[in-house]
Amino acid sequence: GQQLNQSPQSMFIQEGEDVSMNCTSSSIFNTWLWYKQDPGEGPVLLIALYKAGELTSNGRLTAQFGITRKDSFLNISASIPSDVGIYFCAGLSRTYKYIFGTGTRLKVLA
Amino acid sequence: SAVISQKPSRDICQRGTSLTIQCQVDSQVTMMFWYRQQPGQSLTLIATANQGSEATYESGFVIDKFPISRPNLTFSTLTVSNMSPEDSSIYLCSVDRGMNTEAFFGQGTRLTVV
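Protein sequences appear in the order of chains R and Z. So the first sequence is numbered by my numbering: it starts at -6 and just counts up by one. So the second sequence is numbered by my numbering: it starts at 1028 and just counts up by one.
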């Protein structure tokens, strides 16, 4: 099925560093969501974006809905060890189905 | 948000058998979805579980292999039929309270077929 492209695929960073990841699509979405998945768990919603250009924060996390509605970005500031996990973006299609990104695997080195 | 409980959380099954996964939500929801997440991969939508009617399946998934029930607005089941090792995956239930809102997930069912 259709998937969104996320980059980077994986990243190793030092504790305290800032992290940036993005998600791109060939299709327009009206809603963008960012999730984090820990091992053995289901994805947990971090941030939801509803409007082109919107910038939303949740603690150390900030996400933006791209102006073209074909991309979104997630930034994590001052990373800590518990930020480790897989981050997925998701776009809500016109047929009200959630299309998920390929995922960014984050590892934080203490 | 919604509290979503999935059972079982994990299982090891023999090939050729079937497993039914249950999804219970703490409140009535409009949309319920079933996803498959193969090892190291992203989430792929299997079907939308419709209350009172047959589920809507995505390309590559068929009702004979993945029968779904949705008897009411808080409960759904997914059966993985005639399992083979290729069915080893995490199966996730997801809900959405209405159109154009956030999707929430259960903790998933980790299935291993031997």
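All C-beta atoms in this analysis are idealised placements derived from N, C-alpha and C, irrespective of residue type, glycine included.
N1109 (chain Z) burial status per 10 Å Cβ neighbour count (16 or more: buried): Position 82 of the second sequence holds residue 1109 (chain Z). Classified as exposed, N1109 (chain Z) has fewer than 16 neighbouring CB atoms from the shown chains inside 10 Å of its CB.
Option nearest S3 (chain R) by Cα separation, candidates R:I79, R:V37 and R:Y28: For the purposes of this step, residue 3 (chain R) is taken as residue 10 along the first sequence, with counting starting at 1. Comparing Cα positions, the closest option is R:I79.
Tell me where the beta strand (DSSP E) around V101 (chain R) begins and ends. What you label residue 101 (chain R) is simply residue 108 of the first sequence in a count that begins at 1. Note, V101 (chain R): beta strand (DSSP E), T97 to L102.
Label A83 (chain R) either buried or exposed according to how many other C-beta atoms from any shown protein chain fall within 10 Å of its C-beta, with 16 as the threshold for buried. As a working mapping, residue 83 (chain R) is identified with position 90 in the first sequence. When all chains shown are included, A83 (chain R) counts as buried.
What does DSSP give as the partner residue(s) for R1124 (chain Z) in the beta ladder? Position 97 of the second sequence, counted from the start, is the residue given in the question as residue 1124 (chain Z). Answer is none; R1124 (chain Z) lacks a bridge partner.
Residue of Z:D1038, Z:Q1064, Z:L1046 and Z:G1043 minimising C-alpha distance to F993 (chain Z): Residue numbering for chain Z in the displayed model covers 1028 to 1141; residue 993 (chain Z) lies beyond these limits and cannot be assessed.
What residue range does the beta strand (DSSP E) around K1034 (chain Z) cover? Residue numbering aside, residue 1034 (chain Z) sits at position 7 when the second sequence is read from its first letter. Its beta strand (DSSP E) spans residues I1031 to K1034.
What does DSSP give as the partner residue(s) for N23 (chain R) in the beta ladder? The residue given as residue 23 (chain R) occupies position 30 in the first sequence. Partner(s): none; N23 (chain R) has no beta bridge.
Does the distance from the C-beta atom of D64 (chain R) to that of S18 (chain R) stay below 8 angstroms? For this step, residue 64 (chain R) is matched to residue 71 along the first sequence. For this step, residue 18 (chain R) is matched to residue 25 along the first sequence. For D64 (chain R) and S18 (chain R), yes; Cβs fall inside 8 angstroms.
Determine the closest residue to F81 (chain R) out of R:M14, R:G59, R:I6 and R:E8, with distance taken between C-alpha atoms. As a first step, residue 81 (chain R) must be located in the first sequence, where it is residue number 88. Comparing Cα-Cα distances from F81 (chain R) to each of R:M14, R:G59, R:I6 and R:E8, the minimum goes to R:M14.
Establish whether the CB of G1133 (chain Z) and some CB of chain R are separated by less than 8 angstroms. If you number the second sequence from 1, residue 1133 (chain Z) lands on position 106. Output row for G1133 (chain Z): interface = yes.
Against chain R, does L1069 (chain Z) count as a neighbour if the rule is that its beta carbon must be under 8 angstroms from one of theirs? Reading the second sequence from its first residue, position 42 is the one you call residue 1069 (chain Z). The identity of residue 1069 (chain Z) in the sequence shown is Ser, whereas the question assumes Leu. At least one chain R Cβ lies under 8 angstroms of S1069 (chain Z).
Starting from the Cα of S1028 (chain Z), find the closest Cα among R:I40, R:V12, R:K100 and R:L102 and give me that residue. By one-based count along the second sequence, residue 1028 (chain Z) stands at place 1. Among R:I40, R:V12, R:K100 and R:L102, the Cα nearest to that of S1028 (chain Z) is on R:I40.
Any beta-carbon of chain Z closer than 8 angstroms to the one on K90 (chain R)? As a working note, residue 90 (chain R) is residue 97 in the first sequence. Closer than 8 angstroms to some Cβ of chain Z, the Cβ of K90 (chain R) qualifies, so yes.
Applying a beta-carbon distance threshold of less than 9 angstroms, which residues of chain R neighbour A1130 (chain Z)? For the purposes of this step, residue 1130 (chain Z) is taken as residue 103 along the second sequence, with counting starting at 1. Ordered by position in chain R, the residues that pass the 9 angstroms Cβ test against A1130 (chain Z) are L26, Y28, P36, L38, A83, L85 and Y91.
Report the neighbours of L1119 (chain Z) on chain R: residues whose CB is nearer than 9 angstroms to its CB, in chain order. Here the question's residue 1119 (chain Z) lines up with position 92 in the second sequence. In chain order: G35 and P36.
Inter-stretch contact at 8 angstroms, needing at least 3 Cβ pairs: the segment 1043 to 1061 of chain Z / the segment 1074 to 1083 of chain Z: yes
Give, in chain order, every residue of the segment 41 to 60 of chain R whose Cβ lies closer than 9 angstroms to some Cβ of chain Z. A41 and Y43
With respect to the beta strand (DSSP E) encompassing L1046 (chain Z), which residues constitute its N-terminal and C-terminal limits? Here residue 1046 (chain Z) refers to the residue found at position 19 of the second sequence. Where L1046 (chain Z) is concerned, the enclosing beta strand (DSSP E) stretches over L1046 to V1052.
Which value, in whole angstroms, describes the spacing of the CA atoms of L1144 (chain Z) and F1093 (chain Z)? Nothing can be reported for residue 1144 (chain Z): it is not among the residues displayed for chain Z, which extend from 1028 to 1141.
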